[in-house]
Amino acid sequence: MTVSQVLSSGYTEEGDEFFAEISSEVEGDKGVILPAGTIAHGCVREIQSSKRLGRDGWIEVNFDYLITPDGREIPIQGKMSTKLNPVIGTTKNVAKGAGYTAAGGVVGGFLALNVFGLPAAIASQGYTLAGGAALGGAVGLGMALYRKGKDVLISPGDEIRVKVVHGIELPVFKKEALKQEEFVCEGLGLKITNIDFEEDPFGELNTITIALVITNLTDKYFTGFDISLMNDLNASFYPSVFGDTSIMFSKIKPGDRTSGRISFSVDNIKRKHWLVIYDRAQRKQIAKVSIDNAYRDIQDKKKAKKKRKKKD
Numbered sequence: 390m391t392v393s394q395v396l397s398s399g400y401t402e403e404g405d406e407f408f409a410e411i412s413s414e415v416e417g418d419k420g421v422i423l424p425a426g427t428i429a430h431g432c433v434r435e436i437q438s439s440k441r442l443g444r445d446g447w448i449e450v451n452f453d454y455l456i457t458p459d460g461r462e463i464p465i466q467g468k469m470s471t472k473l474n475p476v477i478g479t480t481k482n483v484a485k486g487a488g489y490t491a492a493g494g495v496v497g498g499f500l501a502l503n504v505f506g507l508p509a510a511i512a513s514q515g516y517t518l519a520g521g522a523a524l525g526g527a528v529g530l531g532m533a534l535y536r537k538g539k540d541v542l543i544s545p546g547d548e549i550r551v552k553v554v555h556g557i558e559l560p561v562f563k564k565e566a567l568k569q570e571e572f573v574c575e576g577l578g579l580k581i582t583n584i585d586f587e588e589d590p591f592g593e594l595n596t597i598t599i600a601l602v603i604t605n606l607t608d609k610y611f612t613g614f615d616i617s618l619m620n621d622l623n624a625s626f627y628p629s630v631f632g633d634t635s636i637m638f639s640k641i642k643p644g645d646r647t648s649g650r651i652s653f654s655v656d657n658i659k660r661k662h663w664l665v666i667y668d669r670a671q672r673k674q675i676a677k678v679s680i681d682n683a684y685r686d687i688q689d690k691k692k693a694k695k696k697r698k699k700k701d
């Protein structure tokens with residue numbers, strides 16, 4: 390989950406509000422109950438800056454309500470504190486097992502919600518997320534908050550685990566309803582067959598490598614350098630020489646079919662991304678395909694394959 394601003398013991402004050410965005414959807418037995426991209430409201434309850442003799446600063450935040458995708462505001466009770474689990478570096482479990490709840494929601498941008506409205510997206514009503522249910526490793530909810538400098542306590546990549554304090558009744562969403570909007574121009578075939586999240590040569594987990602098959606039955610011409618990743622903040626990232634370059638130097642002319650892998654170094658792999666292809670002549674988008682949609686489809690196929698093997 391990514392907060393809306395930096396939380397720093399240098400200038401953050403007790404009582405400051407913030408919002409956090411869930412980066413991985415939470416699933417129940419019947420479907421998705423907390424879509425990725427939904428919002429939790431939090432408030433800084435107590436904060437202590439670092440002291441002499443190397444004593445760490447710490448921060449305690451409360452999550453006080455959820456805004457569900459259907460517009461309901463649900464009060465909750467929960468908190469997260471780094472007092473007993475101080476942040477000492479990125480990608481650390483800073484509040485493993487902490488008793489607080491985070492959820493809620495902005496789901497604008499989902500195709501089915503925009504076209505058909507909320508009722509078409511809900512598979513069933515009244516699913517209860519039980520009190521004490523873990524939303525960390527077991528369900529796969531990750532949270533990333535911010536730290537910058539010695540007085541900032543929480544940073545992108547620091548993982549915290551969520552535990553529901555009380556049972557909450559939420560609607561269950563159809564997976565198909567939560568797919569991101571995308572388009573591909575007529576005659577262009579674009580199939581993503583695999584997605585890997587990798588470290589760059591410096592050990593930073595910031596590289597997205599995509600295996601894809603391109604079939605160009607249009608009159609458009611483009612190269613690997615006309616392919617980019619765009620995130621939900623409209624930042625663009627072009628192919629990286631530090632990753633797989635098998636498609637990077639390809640020229641895709643009308644009638645061509647090519648396959649391979651292409652890598653992109655991004656600023657935050659947890660944001661939503663789209664694979665974008667531009668027509669080289671006019672620099673107009675001729676395809677915009679959601680990485681989140683493709684990744685979800687790939688994982689669903691892997692799960693189905695495992696189930697078939699178990700039956701056999």
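In the numbering used here, each residue carries its 1-based index in the sequence shown increased by 389.
Even glycine gets a Cβ: it sits at the ideal position worked out from N, Cα and C.
Could you check what DSSP says for residue i in three-state terms: helix, strand or coil?
| i | result |
| --- | --- |
| residue 649 | strand |
| residue 682 | helix |
| residue 692 | helix |
| residue 434 | strand |
| residue 702 | No answer is possible for residue 702: it lies beyond the span of the chain, which begins at 390 and ends at 701. |
| residue 642 | coil |
| residue 581 | strand |
| residue 687 | helix |
| residue 521 | Note that residue 521 scores a pLDDT of 42, beneath 50, so its modelled location is shaky; the value from the coordinates is reported in the next line. Coil at residue 521, not helix or strand. |
With a threshold of 8 Å, establish whether the CB of residue i neighbours any heavy atom of the ligand PLP.
| i | result |
| --- | --- |
| residue 668 | Here there are no bound small molecules, and the ligand PLP is not part of this structure. |
For residue i, does the count of other Cβ atoms within 10 angstroms reach 16, so buried, or fall short, so exposed?
| i | result |
| --- | --- |
| residue 699 | exposed |
| residue 607 | buried |
| residue 615 | buried |
| residue 596 | buried |
| residue 569 | buried |
| residue 578 | exposed |
| residue 625 | exposed |
| residue 590 | exposed |
| residue 618 | buried |
| residue 429 | buried |
| residue 452 | buried |
| residue 693 | exposed |
| residue 592 | exposed |
| residue 630 | exposed |
| residue 682 | buried |
| residue 404 | exposed |
| residue 450 | buried |
| residue 602 | exposed |
| residue 640 | exposed |
| residue 659 | buried |
| residue 623 | exposed |
| residue 576 | exposed |
| residue 583 | exposed |
| residue 653 | buried |
Look up residue i in the DSSP assignment and give the residues it is bridged to.
| i | result |
| --- | --- |
| residue 587 | 596 |
| residue 573 | 676 |
| residue 665 | 617 and 677 |
| residue 462 | 456 |
Practice prompt. Could you tell me whether the stretch 637-654 touches the stretch 677-686, where touching means 3 or more Cβ pairs closer than 8 Å?
Written response: no
Discussion item. Check whether the stretch 660-668 and the stretch 611-620 are in contact - that is, three or more C-beta pairs closer than 8 Å.
Written reply: yes
Worksheet entry | Whole runs of the alpha helix (DSSP H) within the stretch 590-636, excluding any shorter than 4 residues | none
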